[in-house]
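Colleague: Dropping the structure in here first, questions after.
2 protein chains.
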Amino acid sequence: MEFSSKLLQNAVNEMSQLPGIGKRTALRLVLHLLRQPPTQTEYLVNALRELRTEIKFCKKCHSISDIEICEICSNPNRKNTVICVVEDIRDVMAIEATSQYRGLYHVLGGKISPLDGIGPQDLTIQSLLDKVKSGDVQELIFALSATMEGDTTNFYIYKQLEGTAVKISTIARGIGVNDELEYADEVTLGRSIINRVPFENALKNS
Amino acid sequence: MEFSSKLLQNAVNEMSQLPGIGKRTALRLVLHLLRQPPTQTEYLVNALRELRTEIKFCKKCHSISDIEICEICSNPNRKNTVICVVEDIRDVMAIEATSQYRGLYHVLGGKISPLDGIGPQDLTIQSLLDKVKSGDVQELIFALSATMEGDTTNFYIYKQLEGTAVKISTIARGIGVNDELEYADEVTLGRSIINRVPFENALKNS
Chain A
1 MEFSSKLLQN AVNEMSQLPG IGKRTALRLV LHLLRQPPTQ TEYLVNALRE
51 LRTEIKFCKK CHSISDIEIC EICSNPNRKN TVICVVEDIR DVMAIEATSQ
101 YRGLYHVLGG KISPLDGIGP QDLTIQSLLD KVKSGDVQEL IFALSATMEG
151 DTTNFYIYKQ LEGTAVKIST IARGIGVNDE LEYADEVTLG RSIINRVPFE
201 NALKNS
Chain B
1 MEFSSKLLQN AVNEMSQLPG IGKRTALRLV LHLLRQPPTQ TEYLVNALRE
51 LRTEIKFCKK CHSISDIEIC EICSNPNRKN TVICVVEDIR DVMAIEATSQ
101 YRGLYHVLGG KISPLDGIGP QDLTIQSLLD KVKSGDVQEL IFALSATMEG
151 DTTNFYIYKQ LEGTAVKIST IARGIGVNDE LEYADEVTLG RSIINRVPFE
201 NALKNS
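Chains as they are written, first to last, in the working numbering: chain A, 1 to 206; chain B, 1 to 206.
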């Protein structure tokens, strides 16, 4: 792509560093900003800069939070004996949106992934282990994605906690509530048969 | 979407003002920036701010240009008697990439679109008319998109130039060189039959 303007080229190049944004999309976005009043670019630029420089993480669960201990961790009505282990804040938001979970979270900040150079020390795993070993945590719920990296991370934490009394569970994998069996992948369908639940339980939860 | 952080919420909101970027994608992009070194956000923010505040347009063709008269307009090897009329700089870049056109351009900055509140006075039409009436332009090539707005804009300019000697043409519409007939839409296929060209011409250009 040849540009008639260095300024334009720079903006497009930086924009296309974002995941899933190619040069063509970046150009479309940047030209859109040029057609809008300058204040729109100013607001965007300020919001991004402030977020990046002033971002804070909850001291307990490591989720993004403007205050030292986030609202979930400091809520006395939440069960602090159960901790759901997730990758990032999007997972927290998704689980919170269900209104089905009243425990706390622990945000790892990613998964163990040797190929990407991410080891246990790059995540908040030590803080989780300390929490479990020193606190009154009774149950950990693994809610990482069902990929090799997710499984590796789960297994690593599980091994580190061998010998402790904490109960470790993982979220149920199965056919989505509104999904048709014929479109489900074999692995999911297989797991959903192996991990079948008593019909009375299903009745209770529906 | 409920956010645990005002900073995060702000950044996501501003990001999702961009066309084609929903809240979910905006969150993904913003979290990506948080995982990268702060310099990446800084570069992006600076590039966007500089572009928006320092952007200049060529005095002749109104394309984006860091210099007063853009490289195309100031190139003595280009034919200044032919002007290709386009919507925005993307069209200029697309046509330049073909290396088939040696004339000049005129960037309108959009199309006449009453529904969006865009009239002739919001575009650079007057400047085009002045150029044609006072200069030695022999041909205008309309290369706007084949939508109602594009056709309206073409027709408006055409009417304003009635009585002048300038020749007005429009780019050929037809089946793409590598496209299959069975997948072409009826309008395009219909036009390509009506506007058929002598086989000798096609031979010459292939």
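The beta-carbon is built from N, C-alpha and C at its ideal position, and this holds for glycine as well. The structure presented is a predicted model; accordingly, all values stated were derived computationally and were not measured.
State the DSSP-derived secondary structure class of His-62 (chain A), mapped to helix, strand or coil.
Modeller: Numbered from 1 along the first sequence, position 62 holds the residue referred to as residue 62 (chain A). Of the three classes helix, strand and coil, the one that applies to His-62 (chain A) here is coil, per DSSP.
Colleague: I'd like the span of the beta strand (DSSP E) that includes Ser-169 (chain B), first residue to last.
Modeller: In the second sequence, the residue the question calls residue 169 (chain B) occupies position 169. Looking at the DSSP string, the run of the beta strand (DSSP E) that includes Ser-169 (chain B) is 167-170.
Colleague: In the DSSP assignment, the beta strand (DSSP E) including Ile-194 (chain A) goes from what residue to what residue?
Modeller: Against the first sequence, residue 194 (chain A) aligns to sequence position 194. From DSSP, Ile-194 (chain A) is part of no beta strand (DSSP E) but of the alpha helix (DSSP H) over 186-194.
Colleague: Please report how far the alpha carbon of Gly-103 (chain B) lies from the alpha carbon of Cys-73 (chain B), in whole angstroms.
Modeller: Along the second sequence, one-based indexing puts residue 103 (chain B) at 103. Along the second sequence, one-based indexing puts residue 73 (chain B) at 73. C-alpha separation (whole angstroms): 9 Å.
Colleague: Tell me where the alpha helix (DSSP H) around Phe-57 (chain A) begins and ends.
Modeller: Here residue 57 (chain A) refers to the residue found at position 57 when the first sequence is read from its first residue. Run containing Phe-57 (chain A): none; DSSP gives neither H nor E here.
Colleague: Taking all protein chains shown into account, do 16 or more other C-beta atoms lie within 10 angstroms of the C-beta of Leu-51 (chain A), making it buried, or fewer, making it exposed?
Modeller: Taking the first sequence and counting its residues from 1, the one referred to as residue 51 (chain A) is at position 51. It is buried - the Cβ of Leu-51 (chain A) has at least 16 other Cβ atoms within 10 Å.
Colleague: I need the DSSP call for Glu-50 (chain A), collapsed to helix, strand or coil.
Modeller: Sequence index remark: in the first sequence, residue 50 (chain A) carries index 50 (1-based). Glu-50 (chain A): helix per DSSP, three-state reduction.
Colleague: Please list, in chain order, the residues of the segment 9-26 of chain A that have any C-beta partner in chain B closer than 8 Å.
Modeller: Within the segment 9-26 of chain A, the residues whose Cβ lies closer than 8 Å to some Cβ of chain B are Asn-10, Ala-11, Asn-13, Glu-14, Met-15, Gln-17, Leu-18, Pro-19, Gly-20, Ile-21, Thr-25, listed in chain order.
Colleague: Who are the near neighbours of Gly-91 (chain B) in its chain, counting only those whose CB is closer than 7 Å to its CB and skipping five residues on each side?
Modeller: As a working note, residue 91 (chain B) is residue 91 in the second sequence. Note that residue 91 (chain B) is Asp in the sequence shown, not Gly. Closer than 7 Å at Cβ, skipping near neighbours: Ala-143.
Colleague: What distance in whole Å lies between the Cβ atoms of His-106 (chain A) and Leu-123 (chain A), which are believed to be in contact at a cut-off of 8 Å?
Modeller: Within the first sequence, the letter at position 123 stands for residue 123 (chain A). Within the first sequence, the letter at position 106 stands for residue 106 (chain A). No, Leu-123 (chain A) and His-106 (chain A) are not in contact; Cβ-Cβ is about 10 Å, not under 8 Å.
Colleague: Whose CA, out of B:Ser-134, B:Leu-140, B:Asp-136, B:Asn-154, lies closest to the CA of Pro-120 (chain B)?
Modeller: On the second sequence, residue 120 (chain B) is found 120 positions in, with the first residue counted as 1. Pro-120 (chain B) has its Cα closest to that of B:Asn-154, out of B:Ser-134, B:Leu-140, B:Asp-136, B:Asn-154.
Colleague: Hey, how far is the Cα of Glu-71 (chain A) from the Cα of Cys-61 (chain A)?
Modeller: Taking the first sequence and counting its residues from 1, the one referred to as residue 71 (chain A) is at position 71. Taking the first sequence and counting its residues from 1, the one referred to as residue 61 (chain A) is at position 61. When rounded, the distance between both Cα atoms is 11 Å.
Colleague: Pick helix, strand or coil for Leu-127 (chain A), following the three-state DSSP scheme.
Modeller: The residue given as residue 127 (chain A) occupies position 127 in the first sequence. It should be pointed out that residue 127 (chain A) corresponds to Ser in this sequence rather than to Leu. Helix at Ser-127 (chain A).
Colleague: Could you work out which residue in A:Phe-57, A:Pro-37, A:Asn-13, A:Pro-19 is closest to Leu-27 (chain A) when comparing CA atoms only?
Modeller: As a working mapping, residue 27 (chain A) is identified with position 27 in the first sequence. Selected option, being the one with the closest Cα: A:Asn-13.
Colleague: For Ser-145 (chain A) and Cys-84 (chain A), I'd like the C-alpha separation in whole angstroms.
Modeller: Residue numbering aside, residue 145 (chain A) sits at position 145 when the first sequence is read from its first letter. Residue numbering aside, residue 84 (chain A) sits at position 84 when the first sequence is read from its first letter. Their Cα atoms are separated by approximately 13 Å.
Colleague: So, are the CB atoms of Glu-96 (chain B) and Glu-2 (chain A) less than 9 Å apart?
Modeller: Along the second sequence, one-based indexing puts residue 96 (chain B) at 96. Along the first sequence, one-based indexing puts residue 2 (chain A) at 2. Yes, the Cβ-Cβ distance between Glu-96 (chain B) and Glu-2 (chain A) is below 9 Å.
Colleague: Determine contact between the segment 160-170 of chain B and the segment 180-200 of chain B, defined as no fewer than three beta-carbon pairs at a distance below 8 Å.
Modeller: No contact exists between the segment 160-170 of chain B and the segment 180-200 of chain B.
Colleague: What does the Cβ neighbour count give for Gln-9 (chain A), buried or exposed, with the cut at 16 atoms within 10 Å?
Modeller: Taking the first sequence and counting its residues from 1, one reaches residue 9 (chain A) at position 9. It counts as buried.
Colleague: Smallest Cα separation from Thr-170 (chain B): which of B:Tyr-158, B:Glu-180, B:Leu-181, B:Asn-178?
Modeller: The residue labelled residue 170 (chain B) in the question sits at position 170 within the second sequence. If we check each option's Cα against that of Thr-170 (chain B), B:Tyr-158 comes out closest.
Colleague: Between the C-alpha atoms of Lys-79 (chain A) and Val-137 (chain A), what's the straight-line distance to the nearest angstrom?
Modeller: To locate residue 79 (chain A), count along the first sequence from 1; it is residue 79. To locate residue 137 (chain A), count along the first sequence from 1; it is residue 137. Going from the Cα of Lys-79 (chain A) to the Cα of Val-137 (chain A) covers about 10 Å.
Colleague: What does DSSP give as the partner residues of Val-45 (chain B) in its beta bridges?
Modeller: Residue 45 (chain B) sits at position 45 when you count from the first residue of the second sequence. None, per the DSSP bridge assignment.
Colleague: Does Tyr-101 (chain A) come out as helix, strand or coil in the three-state DSSP assignment?
Modeller: Taking the first residue of the first sequence as position 1, residue 101 (chain A) is located at position 101. Three-state DSSP puts Tyr-101 (chain A) in coil, outside helix and strand.
Colleague: What residue does the beta strand (DSSP E) around Ile-83 (chain B) start on, and which one ends it?
Modeller: By 1-based counting over the second sequence, the position of residue 83 (chain B) is 83. Looking at the DSSP string, the run of the beta strand (DSSP E) that includes Ile-83 (chain B) is 79-86.
Colleague: Is the Cβ of Pro-38 (chain A) closer than 9 Å to any Cβ of chain B?
Modeller: Along the first sequence, one-based indexing puts residue 38 (chain A) at 38. Taking Cβ atoms only, chain B reaches closer than 9 Å to Pro-38 (chain A), which makes this a yes.
Colleague: Is Leu-140 (chain B) helix, strand or coil when you go by DSSP?
Modeller: Looking up residue 140 (chain B) in the second sequence gives position 140. Of the three classes helix, strand and coil, the one that applies to Leu-140 (chain B) here is strand, per DSSP.
Colleague: Determine the chain B residues that contact Thr-81 (chain A) at a beta-carbon separation under 9 Å, and present them in chain order.
Modeller: As a first step, residue 81 (chain A) must be located in the first sequence, where it is residue number 81. What Thr-81 (chain A) touches in chain B: nothing, since even the nearest Cβ is about 21 Å away.
Colleague: Just to make sure I have the definition right: I need the residues of chain B whose C-beta is within less than 8 Å of the C-beta of Glu-162 (chain A). Which are they?
Modeller: Here residue 162 (chain A) corresponds to residue number 162 of the first sequence, with the count starting at 1. Within 8 Å Cβ-Cβ: nothing; Glu-162 (chain A) doesn't reach chain B, min ~31 Å.
Colleague: By the criterion of Cβ-Cβ separation under 8 Å, what are the contact partners of Cys-70 (chain B) in chain A?
Modeller: Within the second sequence, numbered from 1, the residue matching residue 70 (chain B) stands at position 70. Ser-4, listed in chain order.
Colleague: On the DSSP letters alone, give me the boundaries of the alpha helix (DSSP H) that Lys-23 (chain A) sits inside.
Modeller: As a first step, residue 23 (chain A) must be located in the first sequence, where it is residue number 23. From DSSP, the alpha helix (DSSP H) with Lys-23 (chain A) extends over 23-35.
Colleague: Looking at the structure shown, is Ile-72 (chain A) part of a helix, part of a strand, or coil, going by DSSP?
Modeller: Working through the first sequence from its first residue, we reach residue 72 (chain A) at position 72. It is coil, neither helix nor strand.
Colleague: 9 Å is my cut-off, CB to CB: does Thr-124 (chain B) come that close to chain A?
Modeller: Here residue 124 (chain B) is taken as the residue at index 124 of the second sequence, counted from 1. For Thr-124 (chain B), the answer is no, since every Cβ of chain A falls outside 9 Å of its Cβ.
Colleague: For Leu-66 (chain A), which residues from the same chain have a beta carbon less than 8 Å from its beta carbon, with the 5 sequence-adjacent residues on both sides left out?
Modeller: Numbered from 1 along the first sequence, position 66 holds the residue referred to as residue 66 (chain A). Note that residue 66 (chain A) is Asp in the sequence shown, not Leu. Lys-56, listed in sequence order.
Colleague: Cutting at 6 Å between CB atoms, please list the residues of its own chain near Ser-63 (chain B), excluding the five before and the five after it.
Modeller: One-based indexing of the second sequence puts residue 63 (chain B) at position 63. So the qualifying residues of the chain are Cys-70, Ile-89, Val-92, Val-107.
Colleague: Just grab the DSSP bridge partners of Ser-134 (chain A) for me.
Modeller: Residue 134 (chain A) sits at position 134 when you count from the first residue of the first sequence. Ser-134 (chain A) is not bridged to any residue.
Colleague: In chain B, which residues lie less than 9 Å from Met-148 (chain A) when you measure between Cβ atoms?
Modeller: In the first sequence, residue 148 (chain A) corresponds to position 148, counting from 1. Neighbours of Met-148 (chain A) on chain B: none; closest Cβ ~20 Å, over 9 Å.
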